[in-house]
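This report refers to the structure that appears directly beneath it.
In my numbering, the protein residues as written are 1097 to 1266.
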């Protein structure tokens, strides 16, 4: 939700994000909505959304291995993280999940495949690892499929959501 009480909903099946103002039942498309694809006016399997104070919408575009920014009223987005390729170098962002943006425009994103949280300052083409990235098995410096993250009001990372695999032997 934004400060006006508008609700933003990711519709994974329609590859779009809609904004619903109070009292609206239809909402309007604010990101994607042009079918599944990798053009700048499309999304493919969007997952998470973050809305900044300017009402720009940031979307983790899982199917395209990128995070997109859609300025309010824009017909197409801007790639702000990821190079649309899979891999584990610092330009890559396979299967991005949770996304948060700070007041400076720095994008923080959960890189589920590589088990890490990445930071992408505004305007860069290469991110940096701030948590994890050391494999996914049991050590305190490792993450296992991080999908969400949040920050407190002071800008400190306050939580990371991971998928933990439970196995049962019989």
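In this text, a Cβ means the ideal position worked out from N, Cα and C, and glycines have one as well.
Contact set for residue i: own chain, Cβ-Cβ below 7 Å, skip 5 residues either direction
{"i": "residue 1152", "result": "1165, 1166, 1167, 1168"}
{"i": "residue 1187", "result": "1179, 1221, 1222"}
{"i": "residue 1058", "result": "Residue 1058 lies beyond the residue range present for the chain, which begins at 1097 and ends at 1266; the question has no answer from this structure."}
{"i": "residue 1209", "result": "1190, 1191"}
{"i": "residue 1211", "result": "1228, 1229, 1231, 1232, 1238, 1239, 1240, 1241, 1242"}
Sequence-distant residues of its chain with Cβ nearer than 6 Å to residue i (five each side left out)
{"i": "residue 1160", "result": "1134, 1140, 1180"}
{"i": "residue 1102", "result": "1115, 1117"}
Helix, strand or coil at residue i [DSSP, three-state]
{"i": "residue 1158", "result": "helix"}
{"i": "residue 1215", "result": "strand"}
{"i": "residue 1152", "result": "coil"}
{"i": "residue 1171", "result": "coil"}
{"i": "residue 1143", "result": "strand"}
{"i": "residue 1164", "result": "strand"}
{"i": "residue 1228", "result": "strand"}
{"i": "residue 1132", "result": "strand"}
{"i": "residue 1176", "result": "strand"}
Buried or exposed (CB count within 10 angstroms, at least 16 for buried), residue i
{"i": "residue 1143", "result": "buried"}
{"i": "residue 1224", "result": "exposed"}
{"i": "residue 1145", "result": "buried"}
{"i": "residue 1249", "result": "exposed"}
Limits of the unbroken beta strand (DSSP E) element including residue i
{"i": "residue 1197", "result": "1192-1197"}
{"i": "residue 1114", "result": "1112-1116"}
{"i": "residue 1208", "result": "That residue, residue 1208, is in no beta strand (DSSP E); it is neither H nor E in DSSP."}
{"i": "residue 1105", "result": "1103-1107"}
{"i": "residue 1245", "result": "1242-1247"}
{"i": "residue 1125", "result": "1124-1128"}
Whole-angstrom C-beta distance between residue j and residue i, which should lie under 8 Å
{"i": "residue 1193", "j": "residue 1206", "result": "4 Å"}
{"i": "residue 1189", "j": "residue 1213", "result": "That pair is no contact at about 11 Å."}
Other residues of its chain near residue i: CB distance less than 8 Å, five sequence neighbours each side excluded
{"i": "residue 1132", "result": "1111, 1138, 1139, 1140, 1141, 1159"}
{"i": "residue 1198", "result": "1204, 1247, 1251"}
{"i": "residue 1108", "result": "1141, 1142, 1143"}
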